[in-house]
Structures are given as structure tokens and as C-alpha cells.
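> Residue numbers (the working numbering), protein chains in the order written: chain D, 1 to 112; chain G, 113 to 222.
Virtual Cβ for every residue (Gly too), placed ideally from N, Cα, C.
Keep in mind the model is a prediction, meaning the values are calculated, not measured.
Here it is, the structure, as C-alpha cells.
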Amino acid sequence: DARVTQTPRDKVTEMGQEVTMRCQPILGHNTVFWYRQTMMQGLELLAYFRNRAPLDDSGMPKDRFSAEMPDATLATLKIQPSEPRDSAVYFCASGDRGALRFFGPGTRLTVL
Amino acid sequence: SQQGEEDPQALSIQEGENATMNCSYKTSINNLQWYRQNSGRGLVHLILIRSNEREKHSGRLRVTLDTSKKSSSLLITASRAADTASYFCATDEHSQNFVFGPGTRLSVLP
Numbered sequence: 001d002a003r004v005t006q007t008p009r010d011k012v013t014e015m016g017q018e019v020t021m022r023c024q025p026i027l028g029h030n031t032v033f034w035y036r037q038t039m040m041q042g043l044e045l046l047a048y049f050r051n052r053a054p055l056d057d058s059g060m061p062k063d064r065f066s067a068e069m070p071d072a073t074l075a076t077l078k079i080q081p082s083e084p085r086d087s088a089v090y091f092c093a094s095g096d097r098g099a100l101r102f103f104g105p106g107t108r109l110t111v112l
Numbered sequence: 113s114q115q116g117e118e119d120p121q122a123l124s125i126q127e128g129e130n131a132t133m134n135c136s137y138k139t140s141i142n143n144l145q146w147y148r149q150n151s152g153r154g155l156v157h158l159i160l161i162r163s164n165e166r167e168k169h170s171g172r173l174r175v176t177l178d179t180s181k182k183s184s185s186l187l188i189t190a191s192r193a194a195d196t197a198s199y200f201c202a203t204d205e206h207s208q209n210f211v212f213g214p215g216t217r218l219s220v221l222p
């Protein structure tokens, strides 16, 4: 049963610390998305990759966020330095040539 | 800006009743999708309807699409307590970059 995995599931950190979230997309999927979900803003698209190349990261605060795909089985989202307003659930999703998105379980980030 | 907007924001019904949620969007689309999110979990894809389709069924789910009104509805028939979740529509803008609406929170009371 193929699924998207994310680590860690929960992360509590202090303001100013670096946070790295990891995602393993479904094998064979060529598109990877990072979303952030908060009560106030709902689901926001932060960035997405196709065939490991970043296509759109306009939703991401550039000064502190970075997203990469070192290889086809790993996508990372890094926040440095983290701030309390970054507290949210971060979802990774993958897709193939079709329109469906398969979501991971999310990383719940709390920045104190 | 959000492409899809669901309404109502929240809906509370009794088990066995039907639940209807609506989604409106602004620009032309290739397809529209509905997802479900249980509390604290990731989104799960429910159904996709293409712009040239008007209605689609999947089990107890029925989705309609009216491109002239730029709207879609999701009907859940004979609801169950397990249907309690948030429901989101997502539309594409002729690209991979589609966005989600704010969702409808459905509560099905036993």
C-alpha cells in the first residue's frame, strides 16, 4: 500500500532554531508539493517540484524557508531561523502525471 | 487568493441524513476535486470531476459540476458518524498548481 511518509510527525522547538522536515513521496510519482495548514490561512501551497526541479516556490517566505529534493525519494523543507508564526501543520503530497494528490500525515510544528 | 470556496463553513446533521456542500470558483478549470480531512490527519482524495463532466458518483458520494455557474456540490447520502471530517474542494488553473478552499466542517451526530 504505497503512501507518502513524513518525518517527524511532531516537532516542538524554540524560536531561532533550525527545523528540517522530510518527506518520502510515493515511488514513481514525479511531482512533490509542500503545503502549510493553519486555522487562520487554511491550506497554503508553499512549493512544488516536478522531476526534482523546483517549479514554484512563490508561496514560501524566501528569507527563512528553503525546499529541496536531493533525490527522487526525498524532499526536504527547512526553516532557519524558525519563528512562532511558523507554527502549523506542514503536509507533503505527491502526484504522478494525473491530477490526484496523495498526502502524507503531516508534521505538526510548534515554535515557542 | 483562494480559487475554491466551500460553503457552508460548518454543517451539523444527524446520522442518516444527507449532507450537501458547495464549492464556488473563479476561473476556468480542467478538473475539480474533493478531499476529506479527518482531524489531525492528511487529506484523502475522494473524487475528481473533469470540466466536461456534469455528475459523478462514488459509493454514497455524488458530485456535480456546473461550469456555467463555476460551482460544484458534494452530496453525501445516508451520512454516518464516520463521515465527520472537513471537506475541501480543489481546482486547477490549467497547471499543476491548484489550490484548496477553506473547507466545510461536517459533524454527523449519532
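What is the rounded straight-line gap between the Cα of serine 87/D and the Cα of alanine 197/G?
Computed Cα separation, rounded: 22 Å.
> Is the shortest distance between the beta-carbon of asparagine 142/G and the beta-carbons of chain D less than 9 Å?
It does; some Cβ of chain D falls within 9 Å.
> By the criterion of Cβ-Cβ separation under 8 Å, what are the contact partners of aspartate 119/G in chain D?
What aspartate 119/G touches in chain D: nothing, since even the nearest Cβ is about 14 Å away.
> In chain G, which residues lie with their C-beta within 7 Å of the C-beta of arginine 101/D?
Ordered by position in chain G, the residues that pass the 7 Å Cβ test against arginine 101/D are His157.
> Since glycine 59/D contacts leucine 43/D with CB under 8 Å, what's their CB separation in whole angstroms?
The pair is not a contact, with the Cβ atoms about 11 Å apart (cut-off 8 Å).
> Once you ignore the five residues that flank valine 19/D on each side, which residues in its own chain have a CB closer than 8 Å to its CB?
Taken in chain order, the residues that qualify are Lys11, Thr13, Lys78, Ile79, Gln80, Ser82, Asp86, Leu109 and Val111.
> Measure from the alpha carbon of glutamine 126/G to the alpha carbon of each residue in Pro120/G, Asp195/G and Glu118/G, then state which is nearest.
Minimum Cα distance to glutamine 126/G is reached at Asp195/G.
> Distance, Cα to Cα, leucine 155/G vs glutamine 145/G?
Cα to Cα, leucine 155/G sits roughly 12 Å from glutamine 145/G.
> Rounded to the nearest angstrom, what separates tyrosine 35/D and aspartate 178/G at their Cα positions?
Computed Cα separation, rounded: 28 Å.
> What beta strand (DSSP E) runs, 3 residues minimum, are completely inside the segment 35-103 of chain D?
Whole beta strand (DSSP E) segments, 3+ residues: 42-50, 53-56, 65-71, 74-79 and 88-95.
> So, do the segment 168-177 of chain G and the segment 59-76 of chain D have three or more beta carbon pairs nearer to each other than 8 Å?
No: fewer than three Cβ pairs fall under 8 Å.
> In terms of residue numbering, what span does the beta strand (DSSP E) encompassing asparagine 150/G cover?
First-last for asparagine 150/G: undefined, no H or E at that position.
> Report the residues of the segment 48-64 of chain D with a CB closer than 8 Å to any CB of chain A, ordered along the chain.
No chain A is part of this structure, whose protein chains are labelled D and G.
> In the DSSP output, what is asparagine 134/G paired with across the bridge?
According to DSSP, which records beta bridges pairwise, asparagine 134/G is partnered with Asp119/G and Ser185/G.
> With a threshold of 8 Å, establish whether the CB of glutamate 68/D neighbours any heavy atom of the ligand FAD.
Of the ligands one can find in the structure shown there are none, so the ligand FAD has no counterpart to examine.
> Alanine 193/G: buried (16+ other C-beta within 10 angstroms of its C-beta) or exposed?
Classification for alanine 193/G: exposed.
> Cβ closer than 9 Å: which chain D residues qualify as neighbours of aspartate 204/G?
The contacting residues are Ala99.
> Kindly identify the DSSP beta-bridge partner or partners of phenylalanine 210/G.
For phenylalanine 210/G, which the question treats as bridged, DSSP gives no partner whatsoever.
> Near methionine 15/D, which residues of its chain fall below 8 Å by C-beta distance, leaving aside the five closest residues on each side in sequence?
Once the five neighbours on either side are set aside, the close Cβ partners of methionine 15/D are Pro81, Ser82, Glu83, Pro84, Val111 and Leu112.
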